[in-house]
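Taken in order, the sequence shown gives residues 1 to 726; the numbers are from full-length UniProt numbering.
For every residue, glycine included, the Cβ atom is placed at its ideal position computed from N, Cα and C.
To start, the structure under review is shown below, and the notes come after it.
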Amino acid sequence: MKTNIINLLLIVPALFIACNTTKEEKTELRPHQSLDAPVAKKIAEELKAHGDTRIDNYFWMRLSDEQKNAETPDAQTQDVLDYLNAENDYKDASMKHTDSLQKTLFDEIVGRIKKDDSSVPYNDNGYSYYTRFEKGMDYALYCRKKLEENAKEEIMLHGPEMAKGLAYFALGGRSVSPDNKMLAYGVDTVSRRRYTIYFKDLQTNKILSDKLVNTTGSVAWANDNKTVFYTSKDSVTLRADKIYKHVLGTDQSKDELIFNEEDDTFSTFVYKSRSDKYIISGSYQTLSTEYRYLDADTPNGAWKVIQPRERDLEYSVAHFGDHFYINTNLDAKNFKLVKTPITATTKENWVDVIPHRDDILLQDFTVFKDHLVLSERKDGLSTIRVKKWSGEDDHYISFNDPAYLTYPTTNLDFDTNILRYSYTSLTTPNSIIDYNMDTKEQTVLKEEEVLDPDFSKDNYVSERLYATARDGVKVPISLVYKKGAQKNADTPLLLYSYGSYGSSTEPYFSSTRLSLLDRGFVFAMAHIRGGQEMGRYWYEDGKLLKKKNTFTDFIDVGDFLVKEGYTSSDHMYAYGASAGGLLMGAVLNMKPELWNGVVAAVPFVDVVSTMMDETIPLTTFEFDEWGNPKNKEYYEYMKSYSPYDNVEAKDYPNILITTGYWDSQVQYWEPAKWIAKLRELKTDDNLLIMDCDMETGHGGASGRFERYKRTALNYAFMLDLEGIEK
């Protein structure tokens with residue numbers, strides 16, 4: 001199910017070198033073929049709906065949070081743990097001959113990363129804020145300096161010290177009070193994305209006794225420097241459902257409930273406007289949003305609704321001057337920008353600022369005193385448009401790469417003509433750039449360093465292609481390879497995509513991917529329906545009762561790359577994570593012969609059962625993405641593509657599945673049940689393994705470098721299939 005798309009992109013593989021051996025010629029016994037694979041016990045569970053009965057032999061693998069957290073495991077829990085550990089042991093034994101390769105890959109990947117790196121500072125309220133890493137440390141130091149000459153560094157949070165002795169450690173939001181004296185921050189030590197918020201006095205470096213548990217991890221400060229607003233989660237479903245007001249120095253039990261989101265298809269959130277004038281809370285689901293606002297100077301005042309929720313009405317809000325600026329789909333499929341007076345905020349008062357356009361998706365906007373900056377998507381690529389309020393100038397920032405990603409970053413100052421933005425492409429490391437919106441002069445503040453003396457972005461080539469899907473739609477493809485690399489039937493190629501929630505698959509640079517490109521691999525991204533690359537209709541054409549377009553687009557892109565001579569099915573690999581793991585499961589069932597190997601990371605594969613169970617995190621929130629299977633039409637459609645329900649007795653390619661025992665997004669039992677059923681029914685002798693991290697959740701390991709151990713495993717899995725030993 002849904003995930004933080006920036007975290008997921010960090011773990012996408014990018015692979016190996018050519019091999020002239022076809023599938024039919026591989027006769028040498030492979031290590032896993034001499035091992036006994038785990039066999040999960042079968043306990044038939046009848047699942048009935050709409051007069052239909054599904055038999056789930058592995059339903060018993062599901063544990064409750066109470067069972068997982070119990071000091072002494074009960075019999076069922078022990079059975080599950082034994083099975084997961086057996087799968088890990090089998091994976092270790094099957095891949096043992098690649099241990100040296102995995103170490104080489106890990107050292108290679110980590111070796112390209114600057115160990116004492118730091119972020120580009122940004123200024124806010126008299127201070128400069130930045131993060132930095134010290135050599136050998138897995139976690140960052142969060143720092144600031146006063147905006148004055150010879151200012152001393154203040155270490156607000158020391159990540160390495162805070163994470164000491166913990167198997168998992170993640171910081172949530174960090175927010176400094178308006179008077180700069182207090183820091184609020186969230187901490188998760190379980191990997192369930194349930195944060196505890198702490199408060200630190202930045203003058204004394206003492207942690208206050210205040211502690212807010214079971215939250216989303218961040219707060220919005222009122223202007224009195226003592227009142228904060230925060231969001232809490234349902235203890236079972238983990239839905240963000242309540243907003244509370246907390247006053248420093250009081251116990252959480254005394255906190256005032258400000259808002260309770262009773263509709264279980266919605267989640268809620270709270271933040272402070274960029275102008276610092278308002279506290280803004282919102283409720284959202286796939287097809288509807290609603291915002292409320294409160295004057296930040298009067299934390300005990302009354303909240304006002306900007307526009308009451310309506311089905312199929314989405315909007316987001318920013319404050320500037322006497323108006324709210326709103327990005328909305330009101331009579332605008334690709335969204336438009338409107339403004340409305342703060343004194344009259346409902347939709348009948350909205351006036352167009354940037355009208356709707358059929359060919360351009362308005363993704364976001366940033367308001368400055370003299371300029372309006374628009375983040376748009378045109379022809380499948382992100383763009384930045386700069387417009388003067390006076391109307392004297394209206395232009396796009398130009399970029400040269402055939403495929404790239406760009407977006408505004410931290411822009412906290414209203415009264416400036418400098419826009420800070422990020423730029424990256426498949427061949428260009430990420431850069432942070434200051435852009436003078438009047439003179440168009442650009443200053444590169446930082447480009448990600450690649451610590452490899454042989455690296456040059458000129459050594460790599462990117463292309464933008466289009467495959468024709470079976471219904472005639474043109475599907476964009478972004479790909480990259482090393483200059484001089486062969487492109488033929490013997491060339492290994494990795495095809496990646498996501499394809500859900502309107503989350504676009506972005507052509508970004510990855511230094512880890514070099515380990516594949518330098519070994520002769522082609523890396524391709526399929527911009528399939530279900531994402532939002534080509535506009536809002538692209539998303540709507542890949543969801544609900546059109547979800548199969550996502551899967552067939554991916555297969556059609558794979559077929560196209562084979563037909564055009566970039567690779568062959570003997571050397572083509574696929575990778576997807578979370579909802580992208582659903583994509584992997586679906587294409588494995590639909591056309592298994594197209595791939596030599598598939599990596600499915602934290603895969604959402606038990607679609608029907610998960611969407612039938614409203615106690616599982618995210619289920620009710622996502623009915624408008626996948627459909628509600630309590631409706632027979634959606635039940636039957638989901639069942640027709642659900643990877644777990646469609647495993648058959650047939651040949652499958654080599655498969656690596658990864659998961660985390662504490663995953664709150666896609667519960668571990670989905671991949672665990674899936675591999676058990678695959679192993680039971682498949683008719684081939686290809687490699688089928690699962691890596692279950694018993695300490696982490698959806699995003700994998702929390703350490704800066706630790707996560708790359710799994711990346712090395714992913715790479716080694718595919719390199720080994722190609723016969724690459726180094």
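Beta-bridge pairing of residue i - partner residues as DSSP gives them
{"i": "Phe-523", "result": "Val-480, Leu-494"}
{"i": "Val-305", "result": "Arg-292"}
{"i": "Glu-161", "result": "Beta-bridge pairing links Glu-161 to no other residue."}
{"i": "Tyr-127", "result": "Asp-124, Lys-146"}
{"i": "Asn-436", "result": "Ile-418"}
{"i": "Gly-111", "result": "The partner list for Gly-111 (beta bridge, DSSP) is empty, contrary to what the question assumes."}
{"i": "Ser-175", "result": "Ala-184"}
{"i": "Leu-405", "result": "Thr-424"}
{"i": "Phe-59", "result": "Note: Phe-59 sits in no beta bridge, so no partner."}
{"i": "His-371", "result": "Lys-388"}
Test item: CB-CB of residue i and residue j under 8 Å
{"i": "Leu-656", "j": "Ile-689", "result": "yes"}
{"i": "Arg-174", "j": "Tyr-142", "result": "yes"}
{"i": "Ser-664", "j": "Arg-192", "result": "yes"}
{"i": "Pro-653", "j": "Asn-596", "result": "yes"}
{"i": "Ser-431", "j": "Val-450", "result": "no"}
{"i": "Tyr-271", "j": "Asp-255", "result": "no"}
{"i": "Phe-604", "j": "Thr-265", "result": "no"}
{"i": "Val-522", "j": "Leu-479", "result": "yes"}
{"i": "Asp-241", "j": "Thr-268", "result": "yes"}
{"i": "residue 775", "j": "Leu-47", "result": "With the chain running from 1 to 726 in the structure shown, residue 775 is simply not present."}
{"i": "Phe-335", "j": "Leu-372", "result": "no"}
{"i": "Phe-106", "j": "Lys-709", "result": "yes"}
{"i": "residue 729", "j": "Met-525", "result": "With the chain represented from 1 up to 726, any question about residue 729 goes unanswered, as that position is not in the structure."}
{"i": "Met-182", "j": "Pro-160", "result": "no"}
{"i": "Ser-288", "j": "Glu-314", "result": "yes"}
Cutoff 7 Å; reference residue i; Cβ partners in own chain excluding five residues on either side
{"i": "Glu-725", "result": "Leu-101"}
{"i": "Val-367", "result": "Ala-318, Phe-320, Tyr-325"}
{"i": "Tyr-129", "result": "Pro-121, Tyr-122, Arg-144"}
{"i": "Val-247", "result": "Lys-226, Thr-227"}
{"i": "Asn-349", "result": "Thr-340, Pro-341"}
{"i": "Thr-409", "result": "Arg-420, Tyr-421, Ser-422, Ile-432"}
{"i": "Pro-38", "result": "Tyr-83, Ala-86, Glu-87, Tyr-90"}
{"i": "Asp-684", "result": "Asp-651, Tyr-652"}
{"i": "Glu-695", "result": "Ala-167, Tyr-168"}
{"i": "Gln-363", "result": "Ser-375, Glu-376, Arg-377"}
{"i": "Trp-538", "result": "Arg-529, Gly-531, Gln-532"}
{"i": "Thr-21", "result": "Only weak support exists for where Thr-21 lies, its pLDDT of 40 falling under 50; the coordinates are left without a value."}
Anticipated Cβ contact below 8 Å, residue i with residue j, distance rounded
{"i": "Ala-600", "j": "Met-584", "result": "4 Å"}
{"i": "Asp-401", "j": "Ser-462", "result": "6 Å"}
{"i": "Tyr-423", "j": "Tyr-396", "result": "Not confirmed; about 13 Å, so no contact."}
{"i": "Leu-419", "j": "Asp-124", "result": "Leu-419 to Asp-124, Cβ: 16 Å. No contact."}
{"i": "Thr-196", "j": "Tyr-168", "result": "Not quite, the Cβ-Cβ distance comes to about 13 Å (not below 8 Å), so this is no contact."}
{"i": "Gly-499", "j": "Thr-427", "result": "With a Cβ gap of about 24 Å, Gly-499 and Thr-427 do not count as contacting."}
{"i": "Phe-705", "j": "Val-305", "result": "Incorrect: roughly 46 Å between the Cβ atoms, too far for contact."}
{"i": "Leu-493", "j": "Leu-561", "result": "6 Å"}
{"i": "Ala-489", "j": "Ser-568", "result": "4 Å"}
Cutoff 8 Å; reference residue i; Cβ partners in own chain excluding five residues on either side
{"i": "Thr-131", "result": "Ser-118, Ser-119, Ala-140, Leu-141, Tyr-142, Cys-143"}
{"i": "His-50", "result": "Lys-632, Tyr-635, Glu-636"}
{"i": "Gly-542", "result": "Gly-499, Ser-500, Ile-528, Arg-529, Gly-530, Gly-531, Asn-549, Thr-550, Asp-553"}
{"i": "Val-351", "result": "Val-338, Lys-339, Thr-340"}
{"i": "Lys-26", "result": "Residue confidence is low: Lys-26 scores 48 on pLDDT, short of 50, so the model does not pin down where it sits. Its coordinate-derived value is still stated next. No residues qualify anywhere along the chain."}
{"i": "Tyr-230", "result": "Ile-197, Leu-212, Thr-215, Thr-216, Ser-218, Val-219, Ala-220, Ile-243, Tyr-244, His-246, Val-270"}
{"i": "His-97", "result": "Pro-31, Asp-720"}
Contacts around residue i, its chain only, beta-carbon distance under 6 Å, and the 5 residues preceding and following it disregarded
{"i": "Lys-23", "result": "Caution applies to Lys-23, whose pLDDT of 43 falls short of 50 and renders its modelled position unreliable; the value that the coordinates give is listed next. Closer than 6 Å at the Cβ level, and outside the excluded window around Lys-23, lie Asp-570."}
{"i": "Gly-627", "result": "Leu-544, Tyr-634"}
{"i": "Glu-448", "result": "Pro-429, Asn-430"}
{"i": "Glu-108", "result": "Ser-515"}
{"i": "Asn-4", "result": "Because the pLDDT at Asn-4 is just 38, under 50, the model does not fix this residue reliably, and the point stays unresolved."}
{"i": "Ser-273", "result": "Ile-280, His-319"}
{"i": "Thr-53", "result": "Glu-46"}
{"i": "Asp-65", "result": "none"}
{"i": "Gln-717", "result": "Note on identity: in this sequence residue 717 is Phe, with Gln being the wrong assignment. Excluding sequence neighbours, Phe-717 sits near Leu-656."}
{"i": "Thr-439", "result": "none"}
{"i": "Ile-155", "result": "Leu-141, Cys-143"}
Residue i at chain C interface by Cβ criterion, 8 Å
{"i": "Thr-231", "result": "Annotation note: the requested chain C is absent from the structure, which comprises a single protein chain."}
Worksheet item: Contact between the region 459-473 and the region 552-560: three or more CB pairs below 8 Å?
Response: yes
Check whether the region 585-593 touches the region 637-655, taking contact to mean three or more Cβ pairs, one atom from each stretch, closer than 8 Å.
yes
Do the region 62-77 and the region 29-37 touch if we need at least three Cβ pairs shorter than 8 Å? no
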